[in-house]
Structures are given as structure tokens and as C-alpha cells.
Amino acid sequence: MDVIEVNKLVTQYGARIIHNELTFTVKLGEIFIILGGSGCGKSTLLKHLSRLLTPKSGQIVIDGTDVTFLHQEFLQQAMRPVGFMFQSGALFGSLTLLENVAVPLYKYTSLDRDTIESIARIKLVMVGLGGFEGYYPHEISGGMKKRAGVARAIALDPKILLLDEPSAGLDPISADELDDLILELNKVLGITFVIVTHELHSIFKIAQRVIMLGRGNILAEGNPHVLKDSEKPWVSDFFNRRGKFKR
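Residues in the sequence shown are numbered from 6 upward in steps of one, following the working numbering.
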């Protein structure tokens, strides 16, 4: 079952075409990674999937609903199956971790305060931050901020989780622990992940399928362990760190 369908998606900034009729699907329960060289539109594509941006043309279907040009009045409900984590984690500095995770629950549900706080505590425990509910973002490490960002992203029990460069700025150990968390949430909760990253270690560890973007198109698609031995030089160069990736 496909939970995301993208058909002939076209996006552009001014006269510059970023994506030229991209077409792909993401399956239920899949860990799907978007990769490519700098400036190829990876994060832009993720923002279109979250409907933070609206494409020039094409179609985006989320969990059976066409959300491409859906009016704001109906968009909120249609996007309920989707959670999103920005690259920085985007935590509110003036709020504790518990309060940060509770934000979407206050905004999108009518639950009482005690119930919301209980759910927020559970989400923090799920990402390994039990006991840190009262801490502020400036009091915790970068890896913990990323985990708190994930906790907030799963506050509403999304079917799909979009992550933009989750390992950016983390040391290798923290990045590896975050990969383990993604694998655990995928296995235990069945969450479908769509992730933008350029970290090869993470790609080989967690990805079930990837698409490689370049020059507005999808240059390659498949399992990274197979693409590593691709006959296309620019694909194998990317996965083998040969420094010749030019597409």
C-alpha cells in the first residue's frame, strides 16, 4: 500500500526549475530516503510533502487524499497522518521539553491538560528522554534536542514522519543512536519515514529504499546496497565517496 504518491511534481523558484515532473511513491511502513548533491532540492521536496510549500503543478497524495492544492480549511485534517521534524529540531526555547511536546496536542486536540501532559511524558520516554521533562532546550545536548523534536513530531501518533537532516550537527555516536531510534519507531509503531540526509552511514543502516535527485530529476531509485554497485558512474561515485558526483 502506498501512503505517499507524487505524480509529475514541478516546483520552481522564479525561473529556476527545482523539480521537473518528479514521480515516485512511498510504501506503508517503509524507511524512504531522499538524497543527492547540494542544492538538488531535497529539503524543498520534503517541504512540499508536508505542504509547507505548494508546487507549481503535479500531484501529492497523502494517505489517499490529494493535498496538492487543498484549501487551508481542509488541509489541517488531511495532514493529520503526517509528523514533521525540522533540521534544527525547532524547539521553543522558552518551553520545557514536556511543554514543547505538548504544543501540537493543545493545538489540534480537545484533551484536558492532565491527559496531554501524560501523553507528552510517554512520548519523551519513547525517545529515551524520560526524566528530562522539566529541562529547557538550552540545558540538553544536540542529540537530545533531536530526540525531543522527534517526540513532538510523534505527539499526534502520525502514520508518516518526515525528517529533514536529522543527524546534521551530531557527533557519530549521537547520530548512530538517532538511527537506532528511527529503526525502533519503525519496527514497534510501524511509522513510515521519509528522510532527507546525506549521511552515508545512516543511509546504509536504515534505508529500505532511496531516490537520488539531480538536475530536477530522479537519477536513481532503489536499495542503497544495490545502488552502491550501480553501473552508472555518478551513482556509484556518490555511494562510494569517490568525489566525482557531478549530476
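For glycine and all other residues, C-beta sits at the position ideal for the given N, C-alpha and C.
By the criterion of a C-beta distance shorter than 7 Å, A83 is surrounded in its chain by I67, T70, V72 and L75, once the five residues flanking it on both sides are discounted. Short of 8 Å from the beta carbon of L161, and not among the five residues preceding or following it, lie these beta carbons of its own chain, in chain order: R85, G88, P109, L110, Y113 and T114. Under DSSP, the beta-bridge partners assigned to K32 are D7.
For K32 against V8, the beta-carbon gap comes to about 7 Å, under 8 Å, which counts as contact.
For N191, the three-state secondary structure derived from DSSP is helix. By a beta-carbon distance limit of 8 Å, V155 contacts L186. Their separation comes to about 7 Å.
Around F97, the same chain offers E104, N105, V108 and P142 as residues with beta carbons nearer than 8 Å, after the five sequence neighbours per side are excluded. Contact between I159 and K128 holds: CB atoms are separated by about 6 Å, below the 8 Å threshold.
Pairwise C-beta distances place the stretch 192-203 in contact with the stretch 161-172, as three or more of them are shorter than 8 Å.
The continuous stretches of alpha helix (DSSP H) do not include L175, and DSSP gives it neither H nor E. For L218 and H230, the gap between their C-alpha atoms comes out near 17 Å.
Comparing C-alpha distances from G139 to each of L190, L100 and D181 shows the shortest one belongs to L100. Per DSSP, reduced to three states, the secondary structure at K164 is coil, with no helix or strand assignment. Here the alpha carbons of M90 and L54 stand approximately 12 Å from one another. Under the three-state reduction of DSSP, K61 is assigned to coil, being neither helix nor strand.
Collapsing the DSSP output to three states places Y111 in a helix. Here G227 carries a strand assignment [DSSP, helix/strand/coil]. As the crow flies, the alpha-carbon of S235 is around 18 Å from that of N222. Taken through DSSP and simplified to helix, strand or coil, H24 comes out as strand.
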